[in-house]
Structure formats: C-alpha cells, structure tokens
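Report on the following structure.
Number of protein chains: 4
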Amino acid sequence: MLNHRPELTDTAAMLMVEAAREHALSLGVPQNIAVVDAGGRLLAFCRMQGAKFHSIETSTAKAVTAASIAAPTGGAPADFGLMLGVTTQGQFTNLKGGLPVIIDGHLAGAIGVGSGSPDDDIAVAQAGIDAVMRALAD
Amino acid sequence: MLNHRPELTDTAAMLMVEAAREHALSLGVPQNIAVVDAGGRLLAFCRMQGAKFHSIETSTAKAVTAASIAAPTGGAPADFGLMLGVTTQGQFTNLKGGLPVIIDGHLAGAIGVGSGSPDDDIAVAQAGIDAVMRALAD
Amino acid sequence: MLNHRPELTDTAAMLMVEAAREHALSLGVPQNIAVVDAGGRLLAFCRMQGAKFHSIETSTAKAVTAASIAAPTGGAPADFGLMLGVTTQGQFTNLKGGLPVIIDGHLAGAIGVGSGSPDDDIAVAQAGIDAVMRALAD
Amino acid sequence: MLNHRPELTDTAAMLMVEAAREHALSLGVPQNIAVVDAGGRLLAFCRMQGAKFHSIETSTAKAVTAASIAAPTGGAPADFGLMLGVTTQGQFTNLKGGLPVIIDGHLAGAIGVGSGSPDDDIAVAQAGIDAVMRALAD
Chain A
1 MLNHRPELTD TAAMLMVEAA REHALSLGVP QNIAVVDAGG RLLAFCRMQG AKFHSIETST
61 AKAVTAASIA APTGGAPADF GLMLGVTTQG QFTNLKGGLP VIIDGHLAGA IGVGSGSPDD
121 DIAVAQAGID AVMRALAD
Chain B
139 MLNHRPELTD TAAMLMVEAA REHALSLGVP QNIAVVDAGG RLLAFCRMQG AKFHSIETST
199 AKAVTAASIA APTGGAPADF GLMLGVTTQG QFTNLKGGLP VIIDGHLAGA IGVGSGSPDD
259 DIAVAQAGID AVMRALAD
Chain C
277 MLNHRPELTD TAAMLMVEAA REHALSLGVP QNIAVVDAGG RLLAFCRMQG AKFHSIETST
337 AKAVTAASIA APTGGAPADF GLMLGVTTQG QFTNLKGGLP VIIDGHLAGA IGVGSGSPDD
397 DIAVAQAGID AVMRALAD
Chain D
415 MLNHRPELTD TAAMLMVEAA REHALSLGVP QNIAVVDAGG RLLAFCRMQG AKFHSIETST
475 AKAVTAASIA APTGGAPADF GLMLGVTTQG QFTNLKGGLP VIIDGHLAGA IGVGSGSPDD
535 DIAVAQAGID AVMRALAD
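Chains as they are written, first to last, in our numbering: chain A, 1 to 138; chain B, 139 to 276; chain C, 277 to 414; chain D, 415 to 552.
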C-alpha cells in the first residue's frame with residue numbers, strides 16, 4: 001500500500017547549492033543553482049552575481065525535469081524535447097544541466113544549473129550531487 | 139540620465155537566508171525564505187522541512203512586493219490589497235512577512251518569509267535583515 | 277457594414293504620457309503611465325524613477341479596462357469587480373486610475389496610471405486626457 | 415556584500431524611445447520600441463502606427479533578454495535558442511533587435527525593437543543606444 005522514499009532535507013539542499021556555487025566560482029562561471037524535492041518543488045536556490053536572470057527559470061526547469069524523469073536532462077530527441085517543452089509550458093526542458101539525486105535506487109530530489117555553457121552547467125550540477133553523496137557516505 | 143544604487147551580492151543573500159533559517163529553527167517554525175534583488179528577481183531561497191510548499195509562492199511574492207513598494211508588506215487596506223493581487227496575478231501580495239533591505243536610503247533588495255503565522259514570518263524576515271545589516275556594519 | 281472610429285496615433289500617445297509625467301512630477305508622485313488603443317493594446321508607456329514596478333501591471337490593466345468598458349475604472353461594486361478580475365486573470369481591474377479617451381462620442385483609446393494614491397492616479401491620468409483634448413482642439 | 419551599478423532614469427529611457435522612433439520614421443518602418451532596466455522591468459515603450467501589435471511582446475522580450483545576457487540578442491544557436499524560449503515561456507528570445515546599455519562596463523538597462531526586418535530592428539535599437547551615449551558624453 002505504501003512506498004517509502006528518501007527525501008532531501010533543507011540541510012542537504014543548502015549543502016548542494018553551496019558546493020555547486022563553490023565549483024562555479026572555481027570555474028569563473030556565475031550560475032543559477034536550483035535544488036528541488038522528488039515532487040519538483042523548490043528546496044534551495046542561489047543566483048550568483050553576473051548570472052543571467054532568465055536562467056532562474058531554466059535552472060529551475062532543469063531541476064524539475066530531472067526530478068520528473070529521474071534522469072539527467074537533455075537526452076530527448078530535439079523535436080520531441082521541444083514538443084514536450086511546449087506542451088508542458090516550459091515545465092519540461094530538454095536543456096542540459098539537470099541531474100537527479102538517486103539514493104539506493106530511489107529518487108530523492110534533483111539539481112538544475114543554468115547560465116553557463118551546457119558543459120559548465122552539468123559540471124556545476126555534478127559538484128552539488130557529489131557533495132551530498134559524500135556527506136551521506138560519511 | 140543615470141542613477142546609482144547598491145545591490146545585494148549572492149553572499150549577502152545567502153547570509154540572509156541562513157540567518158533567517160536559524161531564527162526559524164530557534165522558533166520551531168519551518169519556513170520558506172526568499173531573497174530578491176531590487177528588481178524583484180530571485181537571489182536565494184530555502185524551504186525548510188515541514189514548511190508548506192504553496193508558501194514557495196507566497197514567500198517569493200512577499201519579497202517581490204517588498205522590493206516593489208520599498209516597504210514592509212501587509213499595509214494595504216484589505217479590499218485594495220486583494221484587488222492589487224488579482225490585477226498583478228499574484229505578483230503583489232498584501233500578506234505580512236516581506237521586508238525591504240534599505241541601505242543608506244536606497245533599496246538593495248528584499249526578503250520574504252512564509253509558512254508560519256504572520257508574526258513568525260515577520261520575525262524570521264527581520265532576522266535576515268538584521269544579519270545583513272550587522273555584516274555591513276563590520 | 278462598417279464603422280469608422282478614431283484611433284490615437286503614437287504621437288498622441290506619447291503626448292499623453294509626457295503630459296501625465298509632467299503632472300506627476302509637479303505632484304512629487306512617481307508613476308507608471310500606460311496608454312492603449314481602443315483594442316487594449318499598449319501604445320506608449322513610462323515608469324518614473326521611484327514608481328513601484330508591480331504597477332507596470334496595474335497601470336496597464338487600468339488602461340486596458342478603461343478601453344474595454346469605455347469608462348473610468350473603479351466603478352464596479354467591490355465583490356463584482358473582484359470576481360471580474362479573477363475571471364479575466366487580472367485583465368479587468370476595479371482599481372481607480374484608468375480613463376478612456378472619448379472623441380466625438382467614440383472610444384479612441386485609454387490611459388492608466390498606477391503607483392500613487394487613487395486620487396493621484398486619477399489626476400495624473402486626467403492630465404494625459406486633457407493634453408490630447410487640447411491638442412485636438414488646436 | 416554589496417555591488418553598485420548605474421540605472422537608466424525615465425528621462426534616459428524616454429530619450430532612447432524618441433531617438434529610436436525618429437530613426438524608424440526616417441527608415442519608413444513602423445516599430446515597437448521597449449526600454450527596460452537592468453532587471454528587465456519595463457521603463458518606456460512606444461508602438462508606432464502600423465507596427466504589428468504582437469511585436470509588443472517580441473520587442474519587450476528582446477529588451478528583457480538583452481538585459482539578462484548583457485549582450486545583443488540573436489546569437490544563440492537556433493535549436494538552443496528555441497529551447498531557451500520555450501523553457502522561459504518566452505522571457506528569453508533569440509530574435510535579433512535587443513541591445514544592452516553598457517556604461518563603464520556595467521549593465522544599466524536594455525532596448526528591444528520589433529516589427530521590422532532583423533536589420534531594421536537592430537538599426538533602430540542602435541539609434542536608441544547612440545542617443546543615450548551621446549547624452550551621457552555631453
């Protein structure tokens with residue numbers, strides 16, 4: 001009748017944002033960083049000085065999409081991804097830079113990063129994932 | 139032709155969120171905490187475990203409103219405030235818990251807090267304001 | 277089969293914005309000023325320094341409403357006005373400060389003003405109306 | 415904790431709109447002209463007689479995008495630009511005709527022009543930029 005699944009606390013979400021922010025600083029690329037829960041609701045966010053403000057929306061949509069599909073964003077065929085974006089009014093995005101937080105095979109939340117190049121965005125999101133995985137392993 | 143005004147950095151915004159979060163923990167009231175720039179664009183955010191997720195919207199709207207009016211939220215007459223909310227599609231809110239960051243007489247941003255009672259929300263927002271003012275005075 | 281109706285040119289719309297702006301300056305009340313055509317589409321706009329940015333939406337909605345009803349805004353019973361606002365998703369507003377431009381009994385456009393008190397908003401909108409009427413009489 | 419940056423006054427924004435409008439008249443191409451602040455909020459606007467009314471949205475989106483990216487619009491790869499537009503629900507546009515106002519290396523606002531050809535739109539936007547730069551140099 002019931003499932004149980006792990007959920008990120010706000011402590012974990014803030015840790016992810018801070019770790020992603022530090023990595024973005026080390027790359028010299030200001031970013032928007034969004035962390036959402038498994039239901040795609042915002043948990044933590046930071047927009048760094050110099051990051052594009054329209055990426056408030058893209059970083060959040062990336063995190064929401066990664067939570068929805070429980071997978072990294074950007075893998076849909078281009079036309080299909082665009083149609084999904086149109087149909088969901090931007091809620092689904094095929095932009096790269098969203099990664100799910102998977103713990104013991106269960107979705108616990110997701111992170112989305114936007115304002116840099118796709119590679120920068122992925123690297124900064126991964127830094128957030130790595131930080132929470134390290135903390136959980138301790 | 140030009141004005142000059144101060145703007146919160148992401149360091150200031152994260153400091154405000156962290157200070158507000160600590161105060162909310164000390165009150166035992168989980169909160170949504172949003173910090174925006176002077177133009178009402180999101181800078182930093184945290185939703186604490188147990189806080190209502192619809193207050194993602196209310197806390198952000200409180201911060202946006204406090205930035206727009208450069209004053210605390212909640213002071214409009216009830217009917218007028220409701221009409222402003224409807225006309226702006228929720229961008230303006232008359233809910234209490236939004237406070238502007240005023241530096242040397244200039245608006246630098248705002249904080250909005252939502253999920254507790256109005257008094258709790260104001261107190262937690264004020265903790266964020268106090269933290270940034272202390273940091274600037276150092 | 278056809279009606280003919282007067283339409284504001286952009287010259288008329290800019291004249292209205294400038295006249296309203298000068299009156300707002302003389303009152304010491306910064307304002308958002310929007311002029312729309314008879315179909316409620318934006319023709320000219322100015323947000324003065326210090327005016328609330330959420331009033332970009334309210335001033336425009338006031339102008340749109342005054343064009344739609346071909347009458348000043350704010351005259352609906354409170355409950356009915358609020359319901360109209362909700363039903364039109366903010367397109368109709370019962371806030372005061374929107375005035376139609378009526379030329380020889382025909383609607384030619386409308387002006388909406390927002391950020392001050394209701395009386396200020398109406399006075400500034402009226403200054404815009406007066407300016408275009410004077411210009412037409414010349 | 416704080417940054418300081420220049421902001422366009424409404425005097426500067428109206429000057430930009432007027433200069434752009436004159437250039438559009440000289441080209442015989444009616445235009446929509448939008449000027450926004452650094453946060454992408456509308457400061458001044460004019461739709462000229464004969465300009466497409468849907469370009470109210472495109473001209474404004476161009477100005478908002480140029481403010482967000484602090485660069486001219488239209489430079490993203492086609493697929494990526496389209497996806498950004500969908501994800502931000504039209505807030506980001508890859509259409510040409512948006513230019514930032516950069517003063518001493520700082521973003522102070524942006525202008526967007528729409529209804530003509532891409533080259534016309536860019537030329538009219540540039541006329542607005544030129545006017546404010548000349549005024550600041552005086």
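No residue lacks a Cβ here, since even glycine has one placed at the ideal position from N, Cα and C.
8 Å Cβ cutoff met for residue i and residue j
i: C/T336; j: C/T349; result: no
i: C/L284; j: C/G385; result: yes
i: C/V389; j: C/K338; result: yes
i: C/Q307; j: C/S393; result: no
i: B/A263; j: B/G235; result: yes
i: B/I171; j: B/G266; result: yes
i: B/C184; j: A/A20; result: no
i: A/T58; j: D/T472; result: no
i: A/R5; j: A/L99; result: no
Where residue i falls, given that 16 or more other Cβ within 10 Å makes a residue buried
i: B/Q229; result: buried
i: C/F356; result: exposed
i: C/S279; result: For the sequence presented, residue 279 of chain C should be read as Asn rather than Ser. Counting Cβ neighbours within 10 Å, C/N279 comes out exposed, since fewer than 16 surround it.
i: D/S482; result: buried
i: A/L95; result: buried
i: D/P491; result: exposed
i: D/G499; result: buried
i: A/L82; result: buried
i: C/L412; result: exposed
i: C/H330; result: buried
i: D/M462; result: buried
i: B/G188; result: exposed
i: B/G213; result: exposed
i: A/D141; result: Any property of residue 141 of chain A remains undetermined from this structure, which presents chain A solely from 1 to 138.
i: B/D276; result: exposed
Closer than 8 Å to chain A by CB, residue i
i: B/L222; result: no
i: B/T203; result: no
i: D/I483; result: yes
i: D/Q505; result: yes
i: D/G454; result: yes
i: B/Q187; result: yes
Cβ of residue i within 8 Å of any chain C Cβ
i: B/N141; result: yes
i: B/D175; result: no
i: D/T423; result: yes
i: D/I470; result: yes
8 Å Cβ cutoff, residue i in contact with chain D
i: C/R410; result: no
i: B/L181; result: no
i: A/A78; result: yes
i: A/L25; result: no
i: A/A61; result: yes
Cutoff 8 Å: residue i Cβ touching any chain B Cβ
i: C/Q307; result: no
i: D/I517; result: yes
i: A/D120; result: no
i: A/M16; result: no
i: A/T87; result: no
i: D/A426; result: yes
i: D/P569; result: Residue 569 of chain D is absent from the structure shown; chain D starts at 415 and stops at 552.
i: D/A433; result: no
i: C/L375; result: no
i: C/L383; result: no
Cβ separation of residue i and residue j, assumed to be a contact under 8 Å, to the nearest whole Å
i: D/M415; j: B/A150; result: 4 Å
Cβ-heavy atom distance, residue i to the ligand FAD, below 7 Å
i: C/A289; result: No copy of the ligand FAD appears in this structure; indeed no ligand is present at all.
The stretch 422–438 of chain D / the stretch 24–44 of chain A touching (three or more Cβ pairs under 8 Å): no
Meets three-Cβ-pair contact criterion under 8 Å: the stretch 145–160 of chain B and the stretch 257–271 of chain B: yes
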